[in-house]
Amino acid sequence: MTETQHPPDDLQTPVPRRGLFARLRSVIHRYRSARLIIIGYGFNAPGGAWRSIQHYHTFMASRGENVIRIPRRGRHSARQMFMAFLVGRRILFNGLDSFYHLEALLFCLLRRDVMLYLHETAYVFNEFKSTNPIRYRWVARLIRNRRICCVSRQHEKFIRETFGATRTHVVYENIIPPRPDTFDTSRPMILMVGTVEKRKGATLFSDLADLAREQGRDWNFCWVGPTHSTHDVRLSANVQWLGPRADVFPFLEKCALFFLSSVDDPFPLACLEALSLHRKCVVYRNTGLAEVLEDVDGCAVYESYDAHSALAAIDRALATPLDTEKVDHINKNISSVSSFAERMSAVLAAHDAER
């Protein structure tokens with residue numbers, strides 16, 4: 006298995022000249038071979054028009070499918086959108102709100118194979134028409150001539166009758182129902198809590214779960230947290246991606262070990278919460294808690310940001326009894342609100358002394 010390094014963003018990080026063309030070929034291949042490229046402007050906005058396509062993206066990514074989601078307001082998304090325009094084969098714009106942005110309209114006019122996933126009916130379209138009458142005419146033309154995903158048969162009828170569209174498909178919406186918190190207590194749980202994204206180390210966690218399975222470790226890898234972006238992220242089927250939860254303590258209570266996969270993290274709260282329950286923790290050297298945990302038996306620090314180093318650190322931690330006395334010292338003198346208040350008092354005293 007290839008060891009996981011902290012991967013740079015596509016089209017963002019300078020690379021040596023010898024590797025430039027290889028890097029570019031890899032990026033082009035990723036966009037050209039994508040099962041679908043989803044472009045949207047309202048991800049995580051109030052309302053539900055983004056939820057179904059977000060759920061789809063997360064579901065497909067968890068199965069190892071190359072589905073690219075471009076939240077256009079995100080960092081570096083203009084470069085991603087440019088690559089999608091140049092080489093993408095299957096491109097879908099989500100929602101009418103995309104066309105409040107001129108670039109989206111131009112993209113869809115110039116790329117005649119773009120698909121649209123619409124959620125809006127007469128009220129919203131009439132409002133769009135009243136505020137953007139000229140742009141509405143172009144959008145109406147797009148809807149008539151592009152492949153349209155609709156959310157119900159009634160919606161499909163409206164789209165067909167209002168715009169004259171003929172290539173329509175009813176895909177409905179979807180939800181992820183609340184799931185009861187069930188735990189496989191027969192196997193040790195290795196837990197990570199955080200947003201699913203590159204910086205938080207979703208790929209490293211996936212590589213670690215795969216490596217542990219290959220080497221015969223009978224562990225249950227679980228990740229609790231929302232999906233922010235799967236750009237440059239691989240999600241393994243050997244991990245239970247449990248999504249966001251209002252309360253992570255039930256998971257922390259059941260885990261055998263909290264594994265911090267972040268490539269950098271100044272002082273992660275989830276790890277402090279795990280320590281408050283006397284759970285073993287393994288963290289990367291480049292995180293703020295490494296300095297606190299490196300001398301605590303039953304916890305461990307991995308020096309290299311790769312699956313093999315991380316697995317060796319977990320083995321060490323699981324094989325060593327937890328030094329609860331040192332953990333209690335951390336809980337009392339570092340992570341408690343009362344100790345924080347004392348440190349803030351010292352800051353205020355220093356401030357007042359300079360006045």
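Taken in order, the sequence shown gives residues 6 to 360; the numbers are from my numbering. Where is the CB? At the ideal position from N, CA and C, for every residue including glycine.
{"Check": "Spatial distance of A279 from G221 (CA atoms)", "Outcome": "26 Å"}
{"Check": "Cα-Cα separation, A109 to N291", "Outcome": "40 Å"}
{"Check": "Backbone CA spacing between A324 and V238 [nearest angstrom]", "Outcome": "31 Å"}
{"Check": "Backbone secondary structure at C286 - three-state DSSP", "Outcome": "strand"}
{"Check": "Reduced DSSP category for P138 - H, G, I as helix; E, B as strand; rest coil", "Outcome": "helix"}
{"Check": "Outcome for F168 when other beta-carbon atoms lying within 10 angstroms are tallied against a minimum of 16", "Outcome": "buried"}
{"Check": "As assigned by DSSP and simplified to three states, the class of D311", "Outcome": "coil"}
{"Check": "D328 vs V301 beta-carbon contact at 8 Å", "Outcome": "yes"}
{"Check": "Whole-angstrom distance between S344 and N338, CA atom to CA atom", "Outcome": "5 Å"}
{"Check": "Segments assigned alpha helix (DSSP H), at least 4 residues, entirely inside the region 290-356", "Outcome": "295-298, 312-323 and 329-338"}
{"Check": "Cβ distance (whole Å) where W228 is taken to contact L247 below 8 Å", "Outcome": "6 Å"}
{"Check": "Start-to-end residues for the alpha helix (DSSP H) that takes in P255", "Outcome": "F254 to K259"}
{"Check": "Contact set for F305: own chain, Cβ-Cβ below 6 Å, skip 5 residues either direction", "Outcome": "The sequence shown places Ala at residue 305, not Phe. V287, A318, R321 and A322."}
{"Check": "Those runs of the beta strand (DSSP E) which lie wholly inside the region 42-119 and span at least 3 residues", "Outcome": "72-76 and 96-99"}
{"Check": "Cβ-Cβ distance between A39 and N71 below 8 Å", "Outcome": "yes"}
{"Check": "Helix, strand or coil at H233 according to DSSP, with G and I counted as helix", "Outcome": "coil"}
{"Check": "I148 vs L121 beta-carbon contact at 8 Å", "Outcome": "yes"}
{"Check": "Cut-off 7 Å between Cβ atoms - residues of its own chain near E178, not counting five sequence neighbours on either side", "Outcome": "S57 and V156"}
{"Check": "Element boundaries [alpha helix (DSSP H), containing T5]", "Outcome": "Residue 5 is absent from the model: the chain starts at 6 and stops at 360."}
{"Check": "E359, DSSP secondary structure in three states", "Outcome": "coil"}
{"Check": "Exposure of E161, with buried meaning 16 or more beta-carbon neighbours within 10 Å", "Outcome": "buried"}
{"Check": "Option nearest F98 by Cα separation, candidates T200, I73 and H81", "Outcome": "I73"}
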